[in-house]
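J.: Per our numbering, numbering through the sequence shown is continuous, rising by one, with the last residue being 450.
Every residue gets a Cβ at the ideal spot worked out from N, C-alpha and C, and that includes glycine.
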Amino acid sequence: MSKQDYYEKLGVSKTATIEEINKAYRKMAVKKHPDKFMGGSPEEQKKAEEQFKELNQIHETLSDPQKRSDYDMYGSESLNPEFMQQKQAEQMFSQFGGMGGMGGFGGFESMFQMGRKPTKKKEIPDIIVKMSVSLKDVYEGSKKEFEVSSYLFKDKEPTEKDIICKTCDGSGQKTELRRMGGNMMQQITQKCSQCNGEGINFSQSFYELKKQKYAKAIPLGAINGQKIVIENKGHAIPKSMRKGGKTNSDVILVIEDSGECVIDGFKYSRGVNSSLHNMKLEIKITPTEAICGSMKKIKFIDNTNITFKIPPGTIFMNTNNNVVVIPKKGLPMSKQSNGDLYIILNIEGKITKDENKLKQVWQLLSNDEMPNFSANNEKILDSISLDEYRNSRECKETEYNSKKFENSMRHSMREEDDEEEHEGRHFRGQPQCAQQ
């Protein structure tokens, strides 16, 4: 990961608010999304993926108050769990003079509540809503309705002191020291059970839980894990904790894309040829269609009927595994651009074994007579398809005999090794010839 400062990477100041950080992240995420580099070389695509991954790491760090506090204090080292554990231990030990000469740990119980991680500024948490969508929703940009339960003020508005969790002091975590034996101690950090890790207790003296319904259009071509932010529609924020004029926290929709959908028996799935906006569909065709070509009608993902052409000679297209592509029929990347639709043609059906018909096909395809090898009195060996062979008695016999032979050879080789080792020991015990 780059050593460049996270704030510089995101293009914000070190005093930036959460709103400014989120806004800068969304703007840069659109600009640096890997899908924009799908037309580039593999090296360019890999670099884009790494940069996007780093961008998400930056946002995760700077949008979390505790992680941001650690980053401001220790820089990129704060991302190293081992480093942070060491620092926490050093802080713990320094509070008690290195814990030297503690003997039986008299009065040690008071230490259990003193190892909490400090936070700079407490915040009302956002509301996270996971939204399950189908590939059809992603293609059409369907509008989804959902319900959110948020804490809103009653008549009296609380102060920050009224709602900060007293157990963890708003950190959302509780750290304890546990004795492991002798003078060894172990530091355990767990989610605060009192506030469920939020750092906030929505006291019934000030808050009431209300349900609100919303409707939001799924962005065209949305990907799994993509976040949609509905600003200022979450929990009510006390005046003493407000920043940037926000009266409520945000509602964040997290897209959970199934990656597939079935339309009239046609199963569409996303993600082929290194792009999440390309779609894949498998269909069956007959040997005749594979040889001569055909027109095929399918039910598309938007419930419309589309007809496409199967090129002649598909059965011979071994280089691309019988795949045809319909450009720009994949998932939308923008209002002007779409991915492609990859159709896998699975050839199924029996080919005639009638010799007269086969001669006719041969003549049609080659404009020549079908050779008659038996007329030359040549010995002709029978062959069968691989699928037939795998289920045949001959295949099982060959496998059995091969394993039997290999086991016999291994046994013979072990016996030879034993004999050589015995002879070597015998030879080493004999008088050696004098060197001339």
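1) Where Ser-406 and Thr-302 are concerned, what is the direct C-alpha to C-alpha distance, given to the nearest angstrom?
2) At a threshold of 6 angstroms, does Asn-210 count as lining the ligand GTP (C-beta to nearest heavy atom)?
3) Counting along the chain, where does the beta strand (DSSP E) carrying Ile-35 start and finish?
4) Grab the span of the beta strand (DSSP E) containing Cys-275 for me, first residue to last.
5) Find the nearest neighbour of Ala-236 within the set Leu-69, Glu-64, Tyr-153, Ser-397, judged by alpha-carbon distance.
6) Do the CB positions of Val-44 and Glu-34 come within less than 7 angstroms of each other?
7) Who are the Cβ neighbours of Lys-294 in its own chain at under 6 angstroms, not counting the five residues just before and after it?
8) With contact counted as at least three CB pairs below 8 angstroms, one residue from each stretch, are the segment 250-266 and the segment 139-151 in contact?
9) Mapping DSSP to helix, strand and coil, what is Gly-25?
10) How long is the line joining the alpha carbons of Lys-247 and Leu-24, rounded to whole angstroms?
11) Quick check: Met-255 and Glu-174, are their CB atoms within less than 7 angstroms of each other?
12) So what does Arg-404 bridge to, in DSSP terms?
13) I'd like to know if the segment 158-171 and the segment 217-232 are in contact, where contact means that at least 3 CB-CB pairs between them fall below 8 angstroms.
14) Out of Glu-190, Ser-397, Ser-207, which one is the CA nearest neighbour of Gln-201?
15) List in chain order: all unbroken alpha helix (DSSP H) runs of 4+ residues lying wholly within the segment 166-207.
16) CB-CB under 7 angstroms to Ile-329, same chain, minus the five flanking residues each way: which ones, in chain order?
17) In its own chain, which residues sit with a C-beta less than 7 angstroms from the C-beta of Lys-313, not counting the 5 before and 5 after it?
18) Quick one: is His-425 buried, meaning 16 or more other Cβ sit within 10 Å of its Cβ, or exposed?
T.: Working from what's here:
1) 28 angstroms
2) With respect to the ligand GTP, the structure shown offers nothing to examine, as it has no ligands at all.
3) From DSSP, Ile-35 is part of no beta strand (DSSP E) but of the alpha helix (DSSP H) over 32-46.
4) DSSP places Cys-275 inside the beta strand (DSSP E), whose first and last residues are 274-277.
5) Tyr-153
6) no
7) Ser-283, Val-286, Tyr-356
8) yes
9) coil
10) Looking at the two C-alpha atoms, the distance is approximately 25 angstroms.
11) yes
12) DSSP, once it has assigned bridges, lists no residue as partnering Arg-404.
13) yes
14) Cα-wise, what sits closest to Gln-201 is Glu-190.
15) 174-177
16) Here the set comprises Pro-301, Ala-304, Ile-305, Ile-361.
17) Ile-277, Asp-278, Phe-280, Asn-319
18) With fewer than 16 Cβ atoms within 10 Å of its Cβ, His-425 is classed as exposed.
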